[in-house]
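Engineer:
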Amino acid sequence: MSHGVHAVQHEVEHKLKHDGEHGGGGHSNAAEMSLNKRVALLIALLALCLAFSETLGKSAQTSALNFQIEASNLWNFFQAKNIRRTATLVATESAKIDQATTSDEARKAALAKQIDEWIKTAARYRSEPEAAGGKGEGTVELARRAIEEQHKRDTALARYHHYELASAAYQIGIVLASATVITGMVILSYIAVGLGVLGLVFMAIGLFVPHAVHLF
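Below, the structure is given as structure tokens:
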């Protein structure tokens, strides 16, 4: 929760304490105290929702960072495998040229065997679906896994942005509801309720359909 919200809440607490200690017993004062209690309950509900949205936002932000790290690692592995595969293919083509130009049958046989091994190795670098517990460690599988991690990252970021918007709505709502106690303007509490509902909407979007609304 921001320092500004804390400051406003502190001012409200001071106001409520002051009214409780110095207020009279008239009907007007009783109505004001009743209003203040309802506003205090509203502030408490908004603060509870704010705690949830900030917790969810932090979790989504951490997940996005983890998915990004995993995607980067997979792309690095992909590049290393691709370089090794390219080097193997170049060596294979060079060996084929040597095989075609040599007249030594023993050398031809040795080159043929080496070429066959390199072709198998290059094929394994390209696709190795049985490696890593069935996840695959060929360039084809690594690229697919990296893209999947990037999609997970994008989803986590979308959730994070919606939770941040929800937190902003709750914080503004808390400030407006607190201002009701200080100013006596009930309309501010109604706006705060609307912001609370808006915050719930953003939380629901982030939780269930994070890609439904694109605001960033």
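Last residue of the sequence shown: 196 in the numbering used here, with the numbers rising by one and none dropped.
Glycine included, every Cβ here is placed at the ideal spot set by N, Cα and C.
Note that the structure is a prediction, hence the values are computed from the model and not measured.
#1: Out of curiosity, what's the CA-to-CA distance linking GLY4 and ALA27?
#2: Could you tell me whether the Cβ atoms of GLY153 and ALA172 are closer together than 9 angstroms?
#3: Please give me, in chain order, every unbroken run of the alpha helix (DSSP H) with length at least 4 that falls completely inside the stretch 83 to 170.
#4: Here's a check: name, in chain order, each residue in its chain whose Cβ is nearer than 8 angstroms to the Cβ of LYS88, leaving out the five neighbours to either side.
#5: Can you name, in chain order, every residue of its own chain whose Cβ lies under 6 angstroms from the Cβ of THR68, other than the five neighbours on each side?
#6: Could you tell me if HIS191 is buried or exposed, where buried requires 16 or more neighbouring beta carbons within 10 angstroms of its beta carbon?
#7: Figure out for me which residue from ALA40, GLY116, ALA149 has the closest Cα to the Cα of GLY179.
#8: Give the secondary structure of GLY5 by DSSP, where H, G and I count as helix, E and B as strand, and everything else as coil.
#9: With DSSP run on the structure shown, which of helix, strand or coil describes ALA21?
#10: Closer than 7 angstroms by C-beta to TYR140: which residues in its own chain qualify, once you throw out the five before and the five after it? Chain order, please.
#11: If you compare alpha carbons, which of GLY118, ILE95, GLY113 is closest to ARG106?
#12: Taking just the CA atoms, how far does LEU156 sit from THR163?
#13: So for ALA192, helix, strand or coil by DSSP?
#14: By how many angstroms is the C-alpha of LEU195 removed from the C-alpha of GLY(-16)?
#15: Going along the chain, which residues of its own chain have a beta-carbon closer than 6 angstroms to the beta-carbon of PHE182, five neighbours each way excluded?
#16: What number of angstroms, rounded off, separates the C-alpha of GLY176 from the C-alpha of ALA24?
Structural biologist: So, from the listed chains and residues:
#1: The predicted position of GLY4 is uncertain, since its pLDDT is 47 and thus under 50; no value can be drawn from it.
#2: yes
#3: Taken in chain order, the complete alpha helix (DSSP H) segments of 4 residues or longer contained in the stretch 83 to 170 are 85 to 106, 119 to 163.
#4: GLN79, THR82, listed in sequence order.
#5: TRP98, THR101, ALA102
#6: HIS191 comes out exposed.
#7: ALA149
#8: Any reading at GLY5 is ruled out, since the residue's pLDDT is 49, under 50, leaving its predicted position unreliable.
#9: It should be noted that the sequence gives Leu, not Ala, for residue 21. Reduced to three states, the DSSP call for LEU21 is helix.
#10: GLY37, ALA40, GLN41, ALA44
#11: GLY118
#12: Just so you know, the alpha carbons of THR163 and LEU156 end up roughly 10 angstroms apart.
#13: coil
#14: Because the pLDDT of GLY(-16) is 47, which lies under 50, any placement of that residue in the model is unreliable, and the number read from its coordinates should be weighed accordingly. The alpha-carbon atoms of GLY(-16) and LEU195 are separated by roughly 25 angstroms.
#15: HIS142, LEU145, ALA146
#16: 11 angstroms
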